[in-house]
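264 is the number that our numbering gives to position 252 of the sequence shown; each next residue is one higher, with no gaps. Each residue gets a CB set at the ideal place from its N, CA and C atoms; glycine is no exception. All values derive from a computational prediction rather than experimental measurement.
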Amino acid sequence: MSDVVLVTGAGGCLGAWCVRHLIEDGYGVVAFDISRDDRRLRELLGADALVSVRFVQGDLTDAEALQKALERHEVSWIIHLAALQVPFCRADPPLGARVNVEGSVRVFEAARAARIRHLAYASSIAVYGPASDYDATMVDDGMPKRPRTVYGMTKVANELTAGVYWHDHGVSSVALRPYTVYGVGRDQGLTSEPSLAMAAVARGADAHVSFGGRMQFQWASDVARQFIAAATTPSDGAKVFDLGGPVVDVLEIASIIERIRPGRRVSVGDARLPFAEAFDDSALRREASTVYETPLEEGVRRSIEHYERLFAM
Ligand SMILES: NC(=O)c1ccc[n+]([C@@H]2O[C@H](COP(=O)([O-])OP(=O)(O)OC[C@H]3O[C@@H](n4cnc5c(N)ncnc54)[C@H](O)[C@@H]3O)[C@@H](O)[C@H]2O)c1
Numbered sequence: 013m014s015d016v017v018l019v020t021g022a023g024g025c026l027g028a029w030c031v032r033h034l035i036e037d038g039y040g041v042v043a044f045d046i047s048r049d050d051r052r053l054r055e056l057l058g059a060d061a062l063v064s065v066r067f068v069q070g071d072l073t074d075a076e077a078l079q080k081a082l083e084r085h086e087v088s089w090i091i092h093l094a095a096l097q098v099p100f101c102r103a104d105p106p107l108g109a110r111v112n113v114e115g116s117v118r119v120f121e122a123a124r125a126a127r128i129r130h131l132a133y134a135s136s137i138a139v140y141g142p143a144s145d146y147d148a149t150m151v152d153d154g155m156p157k158r159p160r161t162v163y164g165m166t167k168v169a170n171e172l173t174a175g176v177y178w179h180d181h182g183v184s185s186v187a188l189r190p191y192t193v194y195g196v197g198r199d200q201g202l203t204s205e206p207s208l209a210m211a212a213v214a215r216g217a218d219a220h221v222s223f224g225g226r227m228q229f230q231w232a233s234d235v236a237r238q239f240i241a242a243a244t245t246p247s248d249g250a251k252v253f254d255l256g257g258p259v260v261d262v263l264e265i266a267s268i269i270e271r272i273r274p275g276r277r278v279s280v281g282d283a284r285l286p287f288a289e290a291f292d293d294s295a296l297r298r299e300a301s302t303v304y305e306t307p308l309e310e311g312v313r314r315s316i317e318h319y320e321r322l323f324a325m
């Protein structure tokens, strides 16, 4: 029998990509999500693959739901991705804290109770402060983390939680901190606009990205593969890694999209994200046997082609 991996937030962008790659790799998959919406999963998996996924509709903050799912499905590995992103935490901070902080504590607690000794979970570069907090353009893990968003605060809390569970209970973990994830399924959250622009162009429309500036772009497929490797490779401690990726101006992304589909126009606005432009992934490169990094132009092309196939259905 193949190992079973439970993915929290499996109906979200990275969750759906993880489910897709886990099935490709021969794992059994339990998809845990509060939402019944399987749209992103359908966009990424064929009907045959979807049939093999075991769905559990549950709320992270429900004391028993996750625990029962781990036991009933004899889960070996956990990838914890469920969270409320920046705009949702900003709109309702207590709910953001409940889902992201309490929910993550419950994931560690359920893992401990089910004797699952290792898990991977999503943190974010939002644990850091804005660019003005740093002298360097390349920020690394040794630099201060003073998030200015409720969301970033919750991710700091997650990293501290992981440290406590390693120290007190020997549950090890690896957190990955993505930045601007792009690709099919990326349709909500502060940095989803470049993906929405790719989708618009695939539909034959022009597009606008409201923010500009330089930042790191990571294809959702690569990020999901990194999470799978992190979850299924036990290690000691509560490790946290910034994901790297090319540092690119949003104007460059816009011109890549325009190059791939000549005739379409992607404009870029003046807003700026409250984050530094680059985060150092050298720790991940030292630790991980593989760092997944599809070249940007190829990731954008494959995303646009994927959207086109979806719109043609
Ligand atoms: N996408 C990015 O660019 C990015 C960047 C940095 C960090 N992250 C982190 O990666 C993770 C995945 O991001 P994503 O883009 O896939 O997010 P997403 O918003 O697409 O998906 C989140 C999923 O979590 C589910 N969820 C929300 N509340 C829940 C609850 N109480 N119980 C169970 N499920 C619940 C939602 O229904 C949704 O399917 C998140 O933790 C996010 O903070 C993402």
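Residues of its chain near residue 165, where Cβ-Cβ distance is below 6 Å and the 5 sequence neighbours each way are ignored: Hits under 6 Å: 159.
Closest residue to residue 174 among 156, 192, 161 and 129 (Cα-Cα distance): Measuring from the Cα of residue 174, the nearest candidate turns out to be 129.
Through-space distance from residue 103 to residue 17, alpha-carbon basis: Those two C-alpha atoms are separated by around 32 Å.
Residue 71 CB to nearest heavy atom of ligand 1 below 7 Å: The answer is yes for residue 71.
Check: residue 315 C-beta below 7 Å from any heavy atom of ligand 1: Because no heavy atom of ligand 1 lies under 7 Å away, the Cβ of residue 315 does not count as near it: no.
Touching by the beta-carbon criterion (3+ pairs, under 8 Å), the segment 58-67 and the segment 210-220: No, the segment 58-67 does not touch the segment 210-220.
Nearest neighbour of residue 264, chosen from 279, 191 and 46 [CA to CA]: Ranked by how close their Cα comes to the Cα of residue 264, the residues 279, 191 and 46 have 279 in first place.
8 Å Cβ cutoff met for residue 195 and residue 315: Cβ distance < 8 Å, so residue 195 and residue 315 count as in contact.
Beta-ladder partner(s) of residue 194, from DSSP: In the DSSP output, where bridge partners are listed per residue, residue 194 has 231.
Distance CB(residue 291)-CB(residue 234) smaller than 8 Å: Cβ atoms of residue 291 and residue 234: not closer than 8 Å.
Any non-hydrogen atom of ligand 1 closer than 7 Å to residue 45 Cβ: Under cutoff, so the answer is yes.
Residue 125 beta carbon less than 8 Å from that of residue 223: Cβ distance not < 8 Å, so residue 223 and residue 125 don't count as in contact.
Where residue 190 falls, given that 16 or more other Cβ within 10 Å makes a residue buried: Result: buried.
Residues near residue 163 by beta carbon distance below 6 Å, same chain, minus five either side: Contacts found: 98, 101 and 138.
Residue 116 versus 320, 261 and 20, residue with shortest Cα-Cα distance: Selected option, being the one with the closest Cα: 20.
Same chain only: Cβ atoms within 8 Å of residue 327, ignoring 5 sequence neighbours per side: Since the first residue of the chain shown is 13 and the last is 325, residue 327 is not available in this structure.
Residues that DSSP places opposite residue 150 in a beta bridge: Per DSSP, 290.
8 Å Cβ shell around residue 81 - same chain, five flanking residues per side excluded: Sequence-distant Cβ neighbours of residue 81 in its own chain, meaning closer than 8 Å and more than five residues away, are 18, 42, 44, 68, 70 and 87.
Burial state of residue 205 (16 or more Cβ within 10 Å): A buried status is given to residue 205, since no fewer than 16 other beta-carbon atoms sit within 10 Å of its beta-carbon.
Same chain only: Cβ atoms within 6 Å of residue 192, ignoring 5 sequence neighbours per side: Exclusion of the five residues before and after residue 192 leaves 203, 227 and 229 as the residues of its chain whose Cβ lies within less than 6 Å of its Cβ.
Helix, strand or coil at residue 240 [DSSP, three-state]: Helix, per DSSP.
Residue range of the alpha helix (DSSP H) that includes residue 207: Judged by DSSP secondary structure, residue 207 falls within the alpha helix (DSSP H) whose first and last residues are 205-214.
Limits of the beta strand (DSSP E) - the one that residue 139 falls within: Membership of residue 139 in any beta strand (DSSP E) is not indicated, and neither H nor E is assigned to it by DSSP.
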